[in-house]
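Q: Right, I'll just put the structure down here and ask away after.
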Amino acid sequence: MACLFGYCGPPADGLLARMATLLVHRCPLGWERVDGATVTGDRVEIGHGIAAWNQQSQLARRDHDLLGYGGVLFNLDVLATPGDAATDGANRLLAEPGLRHAPEPYLEQLTGCFVLAASLGDAFYLLRDHAGVKALYWTVHQGRLLFASEIKALFADPTLPRRMRAGALPEYLSFSFVPGVGTMFEGIEELQPGSLLCFRDGQARVRRHFRFETLETAPDAPPQDYPALVRAALEHSVAECLAVSPDKPPAVFLSGGIDSSAVLAVAARQLPEIRIPTFSAHFGAEYARENEFVQLMVDRYHTDHHWLEIRPGGFLERLREIIWRLDDPIGDPVTVPNYLLAQAASQVADVVLNGEGGDPCFGGPKNIPMLLARLYGPLPGEPSAGWLERNYLRAFQRCHQDLSALLDPALLREAGGEEALIALLEPYFCEPEPLDFVNKLMSINIRLKGANLILVKVEKMSSAHGLLALPPLFSRRIIETSMTCPPGTKLAGTVEKSVLKQAVRDWVPEAIIARPKSGMMVPVRFWFQGDMRRYGKKLLSRSQIRRGGLFNPNYVERLLNYEMEGVPGLRHGLKLWMLVTFLLWHEQMVESPLVS
Numbered sequence: 086m087a088c089l090f091g092y093c094g095p096p097a098d099g100l101l102a103r104m105a106t107l108l109v110h111r112c113p114l115g116w117e118r119v120d121g122a123t124v125t126g127d128r129v130e131i132g133h134g135i136a137a138w139n140q141q142s143q144l145a146r147r148d149h150d151l152l153g154y155g156g157v158l159f160n161l162d163v164l165a166t167p168g169d170a171a172t173d174g175a176n177r178l179l180a181e182p183g184l185r186h187a188p189e190p191y192l193e194q195l196t197g198c199f200v201l202a203a204s205l206g207d208a209f210y211l212l213r214d215h216a217g218v219k220a221l222y223w224t225v226h227q228g229r230l231l232f233a234s235e236i237k238a239l240f241a242d243p244t245l246p247r248r249m250r251a252g253a254l255p256e257y258l259s260f261s262f263v264p265g266v267g268t269m270f271e272g273i274e275e276l277q278p279g280s281l282l283c284f285r286d287g288q289a290r291v292r293r294h295f296r297f298e299t300l301e302t303a304p305d306a307p308p309q310d311y312p313a314l315v316r317a318a319l320e321h322s323v324a325e326c327l328a329v330s331p332d333k334p335p336a337v338f339l340s341g342g343i344d345s346s347a348v349l350a351v352a353a354r355q356l357p358e359i360r361i362p363t364f365s366a367h368f369g370a371e372y373a374r375e376n377e378f379v380q381l382m383v384d385r386y387h388t389d390h391h392w393l394e395i396r397p398g399g400f401l402e403r404l405r406e407i408i409w410r411l412d413d414p415i416g417d418p419v420t421v422p423n424y425l426l427a428q429a430a431s432q433v434a435d436v437v438l439n440g441e442g443g444d445p446c447f448g449g450p451k452n453i454p455m456l457l458a459r460l461y462g463p464l465p466g467e468p469s470a471g472w473l474e475r476n477y478l479r480a481f482q483r484c485h486q487d488l489s490a491l492l493d494p495a496l497l498r499e500a501g502g503e504e505a506l507i508a509l510l511e512p513y514f515c516e517p518e519p520l521d522f523v524n525k526l527m528s529i530n531i532r533l534k535g536a537n538l539i540l541v542k543v544e545k546m547s548s549a550h551g552l553l554a555l556p557p558l559f560s561r562r563i564i565e566t567s568m569t570c571p572p573g574t575k576l577a578g579t580v581e582k583s584v585l586k587q588a589v590r591d592w593v594p595e596a597i598i599a600r601p602k603s604g605m606m607v608p609v610r611f612w613f614q615g616d617m618r619r620y621g622k623k624l625l626s627r628s629q630i631r632r633g634g635l636f637n638p639n640y641v642e643r644l645l646n647y648e649m650e651g652v653p654g655l656r657h658g659l660k661l662w663m664l665v666t667f668l669l670w671h672e673q674m675v676e677s678p679l680v681s
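Just so we're aligned, residue 86 is where the sequence shown starts under this note's numbering, counting upward by one.
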């Protein structure tokens, strides 16, 4: 769990406590604070939710300097001067001469799964880990820098406007999340992975220091050597995660795919005397499921396995609460299994390992369609400008092609239409590095899908239950190792994640190695025709849609009725889920007074 919040600037009585109230679901054991003033006279207050897995303080003060972090630092023993190992991490960091003399280079060396805030000298800093495992949001308002692990806590300042950004809704509908620095709100940004924010004299400057795409190199070893490099990196990443909670075995989320299976295999080999608790979700015997592949890993490594059957009747009453804890809307229905699995795992563990990261870091799905698009070029009659970006948008298979029919025309014009979405993606495609197109797609997916969707949803759904979720396949070491692997080792013809599969081939059953990617297929298509039909029709009724003024009620009704004509790409269930998620989010975060 990581929960960090606070401000730097003019004093604001009671602000920190109000922020903590809005984050109470992330502070099951309470919260702590540290405060003081900078050398220039700004007031600094930092709050932190106490974690079950580590009840040492993660806040420190030394003269005018203050520091706090949420999450876990992996290389503190390497960077800190040898001393009392029992001293908590925040105090050890703040005592370091290197931090005081050259704060930015020192902070950039920190690795782990964390967000950090520090008042050092005449500047205040915010830092997010290299992969973006933990999220941090910020804004500058009335000369004051506000920051928090969730957006809602920023609105503890009652003068901060809650205005939805016009471009955010088309972005959400196209991706199922809001990509990049933007959020759903005007003026509020998400600090991006591997980035450092410096606040000085009332101005914020953000610099991305982890530019992993520059690590692309020409192959300097035979192809058969790269699986060993990946294997070593994965073993190191798993060892770091296991060291976080040495006295209580971590749990592992197990999906039946190569990624989570690889993580479990390495963890089980490093903890041979421990019967690791594992958790999987399915949706009932009538739907596609991966139980047989999960069972292969359970049997091989003798785990203490827990099956969780998920049906709408078990979560619909809590769906509003789940969306509240998501904070920034994420329209991926996997959020519900993430939430319920975390709830179950929190009963037996404080830390859980997952397989997130294998797809973006090793050339998973959606790369092949993009490679074909680049090979064949624009379709007949399609403008040549922005065609790669348009194909990337279409590859998400969300609501991008529905925007003109689904959204209010005035809102879509204000948002800038498709041109604004292309402009958002264009800088990523135009970056000079990496040169190889597979690596470029990997870089884009790590920075957008990884940091703004995959990691964020798991982190928020886990932190809601006081659980620390760690992704060994999404560490700095894994990202750097993968970028140095030749593209053909990651995407070998049509074989995705080839180098990862070879790295663990003797540790994972061949049936899992050989199977194609399927993902967790949440059966929303059937739910909205069955168990969720009444719920969907009530929430998405004509009167409700008209009241909001954002969507075309005729098109929403077409989706509810599962009409086949005029619904590009179909996927009615997913599109309905995205609408339900957004409306529940909008009701709580925009329309209503914020309450914990």
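No residue lacks a Cβ here, since even glycine has one placed at the ideal position from N, Cα and C.
1) Is it a yes or a no for the stretch 485 to 498 touching the stretch 649 to 666, going by three-plus beta-carbon pairs under 8 angstroms?
2) Taking the alpha-carbon positions, what's the D305 to L664 distance?
3) Helix, strand or coil: which one does DSSP assign to W472?
4) List the DSSP bridge partners of M546.
5) For N160, which of A145, R396 and L178 has the nearest alpha-carbon?
6) Would T123 and D207 be called neighbours here (beta carbons separated by less than 8 angstroms)?
7) Should H226 be counted as a contact of the ligand ADP given a C-beta to heavy atom distance under 7 angstroms?
8) Can you pull the DSSP bridge partners for V225?
9) What do you get for H186, buried or exposed, if any count of 16 or more other CB atoms within 10 angstroms of its CB means buried?
10) For the stretch 385 to 464, which segments carrying the alpha helix (DSSP H) assignment without a break, of at least 4 residues, lie completely within its bounds, in sequence order?
11) Does DSSP classify R532 as helix, strand or coil?
12) For V163, which of E181, Y477, I236 and L644 has the nearest alpha-carbon?
13) To the nearest angstrom, how far is it from the Cα of G440 to the Cα of I415?
14) Nearest chain C C-beta to T666 closer than 8 angstroms, yes or no?
15) Could you check the C-alpha separation between R610 and N176 for me, to the nearest Å?
16) Pick out whichever of T106, A105, A145 and P113 has its Cα sitting closest to the Cα of D120.
17) Is there contact between the stretch 517 to 528 and the stretch 208 to 216, where contact requires at least three CB pairs shorter than 8 angstroms?
18) Can the beta-carbon of G442 be found less than 8 angstroms from the beta-carbon of L558?
19) Write down the C-beta distance between F514 and L473 rounded to the nearest angstrom, noting that I regard them as a contact closer than 8 angstroms.
20) Please list, in chain order, all residues of the same chain as V641 whose beta carbon is under 6 angstroms from its beta carbon, the five residues on each side excluded.
21) Restricting to Cα atoms, I'd like to know which of R403, F613 and D435 is closest to K660.
22) Fully enclosed by the stretch 274 to 340, which alpha helix (DSSP H) runs are 4 residues long or longer?
23) Need the endpoints of the beta strand (DSSP E) that W116 sits in, please.
24) Give the list of continuous beta strand (DSSP E) stretches no shorter than 3 residues that lie fully inside the stretch 176 to 260.
25) What first and last residue would you give for the beta strand (DSSP E) that runs through S365?
26) Alpha carbon to alpha carbon, how far is L538 from M249? Give it in angstroms, no decimals.
27) Examine the Cβ distances between the stretch 214 to 234 and the stretch 543 to 550 and report whether three or more of them are shorter than 8 angstroms.
28) Could you check where the alpha helix (DSSP H) with C515 kicks off and where it finishes?
29) For R360, which option in S340, Y620, V379 and P334 has the closest C-alpha, if you only look at C-alpha atoms?
30) To the nearest angstrom, report how far apart V288 and G267 are at their CA atoms.
31) Looking at C-beta atoms only, is the number of pairs between the stretch 341 to 359 and the stretch 308 to 324 that lie closer than 8 angstroms three or more?
32) Suppose contacts are defined by Cβ-Cβ distances below 8 angstroms. Is I395 in contact with A366 by that definition?
33) Drop a sphere of 10 angstroms on the beta-carbon of N423, count the other beta-carbons inside from all chains shown, and report buried for 16 or more, exposed for fewer.
34) When DSSP labels each residue in this structure, what does E130 get in the three-state scheme?
35) Might you give, ordered along the chain, the residues of its own chain that have their beta carbon closer than 6 angstroms to the beta carbon of K575, omitting 5 neighbours on each side?
36) Buried or exposed for M649, please, with buried defined as at least 16 other CB atoms from any protein chain shown within 10 angstroms of its CB.
A: According to the data block:
1) yes
2) Here residue 305 is taken as the residue at index 220 of the sequence shown, counted from 1. Here residue 664 is taken as the residue at index 579 of the sequence shown, counted from 1. Rounded to whole angstroms, D305 to L664 spans 49 angstroms at the Cα level.
3) On the sequence shown, residue 472 is found 387 positions in, with the first residue counted as 1. Helix.
4) Counted from its first residue, the sequence shown places residue 546 at position 461. Beta-bridge pairing links M546 to no other residue.
5) Position 75 of the sequence shown, counting from 1, holds the residue named residue 160. Comparing Cα positions, the closest option is L178.
6) Here residue 123 is taken as the residue at index 38 of the sequence shown, counted from 1. Here residue 207 is taken as the residue at index 122 of the sequence shown, counted from 1. It is a contact, given that the beta carbons lie within the stated cut-off.
7) No copy of the ligand ADP appears in this structure; indeed no ligand is present at all.
8) On the sequence shown, position 140 is the one that residue 225 refers to. Beta-bridge pairing links V225 to L230.
9) Here residue 186 refers to the residue found at position 101 of the sequence shown. H186 should be labelled exposed.
10) 404 to 411, 420 to 430, 443 to 447 and 452 to 461
11) In the sequence shown, the residue the question calls residue 532 occupies position 447. Helix at R532.
12) Translated into positions along the sequence shown, residue 163 becomes position 78. Closest by alpha carbon: E181.
13) The residue given as residue 440 occupies position 355 in the sequence shown. The residue given as residue 415 occupies position 330 in the sequence shown. Their Cα atoms are separated by approximately 19 angstroms.
14) Structure shown: chain C not included; a single protein chain is present.
15) Here residue 610 corresponds to residue number 525 of the sequence shown, with the count starting at 1. Here residue 176 corresponds to residue number 91 of the sequence shown, with the count starting at 1. Straight-line Cα distance between these residues: approximately 52 angstroms.
16) For the purposes of this step, residue 120 is taken as the residue at position 35 of the sequence shown. Closest by alpha carbon: A145.
17) no
18) Numbered from its first residue, the sequence shown carries residue 442 at position 357. Numbered from its first residue, the sequence shown carries residue 558 at position 473. Yes, Cβ-Cβ distance for G442 and L558 is below 8 angstroms.
19) Your numbering for residue 514 matches position 429 in the sequence shown. Your numbering for residue 473 matches position 388 in the sequence shown. Indeed, because the Cβ distance is near 6 angstroms, the residues count as touching under 8 angstroms.
20) Locating residue 641 in the sequence shown gives position 556, where the first residue counts as 1. Cβ neighbours of V641 beyond the five flanking positions: L625 and I630.
21) On the sequence shown, position 575 is the one that residue 660 refers to. Cα-wise, what sits closest to K660 is F613.
22) 311 to 327
23) Position 31 of the sequence shown, counting from 1, holds the residue named residue 116. That run of the beta strand (DSSP E) goes W116 to A122.
24) 197 to 205, 208 to 213, 222 to 226 and 229 to 233
25) Residue mapping note: residue 365 aligns to position 280 of the sequence shown, counting from 1. Where S365 is concerned, the enclosing beta strand (DSSP E) stretches over P362 to H367.
26) As a working note, residue 249 is residue 164 in the sequence shown. As a working note, residue 538 is residue 453 in the sequence shown. The alpha-carbon atoms of M249 and L538 are separated by roughly 19 angstroms.
27) yes
28) Here the question's residue 515 lines up with position 430 in the sequence shown. Segment G502 to C515, the alpha helix (DSSP H) holding C515.
29) Counted from its first residue, the sequence shown places residue 360 at position 275. Among S340, Y620, V379 and P334, the Cα nearest to that of R360 belongs to P334.
30) The residue labelled residue 288 in the question sits at position 203 within the sequence shown. The residue labelled residue 267 in the question sits at position 182 within the sequence shown. In the sequence under discussion, the amino acid at residue 288 is Gln, which differs from the Val named in the question. Rounded to the nearest angstrom, the two C-alpha atoms are 18 angstroms apart.
31) yes
32) As a working note, residue 395 is residue 310 in the sequence shown. As a working note, residue 366 is residue 281 in the sequence shown. In contact: I395 and A366 (Cβ atoms closer than 8 angstroms).
33) Looking up residue 423 in the sequence shown gives position 338. Buried: at least 16 other Cβ atoms inside 10 Å.
34) The residue given as residue 130 occupies position 45 in the sequence shown. DSSP places E130 in strand when its eight states are reduced to three.
35) Locating residue 575 in the sequence shown gives position 490, counting from the first residue. Excluding sequence neighbours, K575 sits near F447, G448 and V584.
36) Taking the sequence shown and counting its residues from 1, the one referred to as residue 649 is at position 564. Exposed.
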